[in-house]
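For what it's worth, UniProt numbering labels the leading residue of the sequence shown as 1, then goes sequentially. For glycine and all other residues, C-beta sits at the position ideal for the given N, C-alpha and C. The block underneath contains the structure these notes are about, expressed in structure tokens.
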Amino acid sequence: MKPSTLLPLLRARAQAGGRHQVARRYATSQQPSASSQFYKTFSRPVAKTLLLAVFTYQFVYWAWARLEANETRAETDATIAKLEATVHAYSEAKKQEAVRALEAKK
Numbered sequence: 001m002k003p004s005t006l007l008p009l010l011r012a013r014a015q016a017g018g019r020h021q022v023a024r025r026y027a028t029s030q031q032p033s034a035s036s037q038f039y040k041t042f043s044r045p046v047a048k049t050l051l052l053a054v055f056t057y058q059f060v061y062w063a064w065a066r067l068e069a070n071e072t073r074a075e076t077d078a079t080i081a082k083l084e085a086t087v088h089a090y091s092e093a094k095k096q097e098a099v100r101a102l103e104a105k106k
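Shown next, in the form of structure tokens:
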């Protein structure tokens, strides 16, 4: 637009005091298609829902993995404690045998 044609528009807008009504004008007289209206209306809620679903899935997956790791760690600790008890029992039995052998030699 030329500055000479823009100036009256700006002057009229300033006189209205900012209380002008904004109307959408299209280059053609056609209305937007139904599919574009659908995506304009529902794309943000669908995106938020998908983002929330992905976040929820990731959180539940992390919690499940954490519980599995804790369970595995508890099983490993129990196995180690059992093996340590077995080793302790064997060492006590060896000490008893050594004491008996010394007493038998006397």
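Assigned secondary structure, residue i (DSSP; H/G/I helix, E/B strand, else coil)
| i | result |
| --- | --- |
| Q37 | helix |
| P8 | helix |
| L106 | Note on identity: in this sequence residue 106 is Lys, with Leu being the wrong assignment. Of the three classes helix, strand and coil, the one that applies to K106 here is coil, per DSSP. |
| K32 | The residue asked about is misnamed: residue 32 is Pro in this sequence, not Lys. Three-state DSSP puts P32 in coil, outside helix and strand. |
Cutoff 6 angstroms; reference residue i; Cβ partners in own chain excluding five residues on either side
| i | result |
| --- | --- |
| T86 | none |
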